[in-house]
Amino acid sequence: MPLLSRTASCGAAVSAHPSTDSVSSPLRVAALGLSVLLAGCAGAPQPDSSAPIVSDVSTPADVDKQDSTKAPLMPSAFFAGEAERFEAWRCTPAQDLVTAFPQGELRLWSAYDAYRLTPAVVASGSRYVKNDLSFWEKGGEAMVESDRGRLECQRDQTRAALTRAQRPGVMFHGRGNEPGWTVRLDHDAPHLSLMLDNGEREIESPYRVTSLDNERGRVTLASGRADTPFNLELEARACFDSMSGEPFPVRVTLDVDGKTYRGCGQGIAP
Numbered sequence: 001m002p003l004l005s006r007t008a009s010c011g012a013a014v015s016a017h018p019s020t021d022s023v024s025s026p027l028r029v030a031a032l033g034l035s036v037l038l039a040g041c042a043g044a045p046q047p048d049s050s051a052p053i054v055s056d057v058s059t060p061a062d063v064d065k066q067d068s069t070k071a072p073l074m075p076s077a078f079f080a081g082e083a084e085r086f087e088a089w090r091c092t093p094a095q096d097l098v099t100a101f102p103q104g105e106l107r108l109w110s111a112y113d114a115y116r117l118t119p120a121v122v123a124s125g126s127r128y129v130k131n132d133l134s135f136w137e138k139g140g141e142a143m144v145e146s147d148r149g150r151l152e153c154q155r156d157q158t159r160a161a162l163t164r165a166q167r168p169g170v171m172f173h174g175r176g177n178e179p180g181w182t183v184r185l186d187h188d189a190p191h192l193s194l195m196l197d198n199g200e201r202e203i204e205s206p207y208r209v210t211s212l213d214n215e216r217g218r219v220t221l222a223s224g225r226a227d228t229p230f231n232l233e234l235e236a237r238a239c240f241d242s243m244s245g246e247p248f249p250v251r252v253t254l255d256v257d258g259k260t261y262r263g264c265g266q267g268i269a270p
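Its first residue numbered 1, the sequence shown is counted upward by one per residue in UniProt numbering.
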């Protein structure tokens with residue numbers, strides 16, 4: 001499993017050129033003394049045959065076949081399932097994870113991938129597995145193991161998952177800081193709302209899907225208006241608000257007017 005030893009990008013900074021903002025909270029040196037866990041040293045992950053299950057079986061080649069009058073289906077890795085909250089885990093060697101616990105499974109997000117694990121029998125605590133990946137939690141501590149090593153983790157912040165009651169008509173909500181901004185995707189049509197620069201500027205626009213990779217949990221959207229170009233990339237990765245540290249399952253990157261806005265978000269199920 002390509003969980004990497006680098007932490008998830010969580011920034012919400014605005015820059016003329018993309019940059020990476022990372023959050024890392026090592027707690028103690030792991031017993032095995034490993035410096036690279038659950039992945040090699042390469043900067044990019046290798047393809048993973050156990051990628052997260054998704055809500056749609058379309059491929060990038062199917063993008064042009066979608067009904068342009070309806071909102072696209074988002075990967076299920078963008079959502080909490082039936083879980084009521086997301087949890088942040090601070091691990092050593094330095095890596096931060098996000099989890100959600102719907103009934104009968106564990107949803108796990110790392111800096112470079114997302115996973116769905118199923119329960120396994122254990123004498124105490126709760127253990128979830130997927131192939132060689134194991135997540136064993138007890139009393140706010142967790143051990144994450146694969147054939148490449150081990151992480152020792154402590155539960156940190158939790159955040160209540162957004163609901164449709166809180167965000168009526170919204171399928172996806174993202175936000176960032178410095179300056180504050182938000183993005184909302186409508187649930188019934190390919191339309192979004194952007195609030196930029198601490199609320200000083202608002203953009204309402206249709207969008208089109210330019211890439212859709214359900215296996216890897218990635219979606220890229222572009223403006224449907226020639227006079228208001230933008231590019232919005234959503235990735236199912238562990239993400240942490242740059243000010244509050246709250247955990248999210250989706251990393252959000254918005255390019256508009258020559259600036260790059262970075263933040264976090266989540267899908268909102270009906």
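Using N, Cα and C, we set each Cβ at its ideal position, and we do this for glycine too.
| Query | Result |
| --- | --- |
| Kindly indicate which residue of P179, W181, E178, L162 has the alpha-carbon position closest to the one of K172. | A small correction: the amino acid at residue 172 is Phe; Lys does not occupy that position in the sequence shown. The shortest C-alpha separation from F172 is found at L162. |
| Shortest alpha-carbon distance to M195 belongs to which of P179, C153, H187? | P179 |
| Kindly indicate which residue of A80, A88, L73 has the alpha-carbon position closest to the one of D241. | A88 |
| Mind listing, in chain order, the continuous beta strand (DSSP E) runs of no fewer than 3 residues lying wholly within the stretch 82 to 135? | 85 to 92, 95 to 100, 106 to 109, 114 to 120, 126 to 130 |
| Can you give me the C-alpha to C-alpha distance between A94 and E152, rounded to a whole angstrom? | 10 Å |
| E200 to R175, Cα distance in whole Å? | 15 Å |
| Identify every residue that forms a DSSP beta bridge with H191. | P206 |
| Note down, in chain order, each residue of its chain lying with its Cβ closer than 7 Å to the Cβ of A120, except the 5 sequence neighbours on either side. | R127, Y128, V129 |
| On the three-state DSSP scale, how would you describe C264? | strand |
| So for S242, helix, strand or coil by DSSP? | coil |
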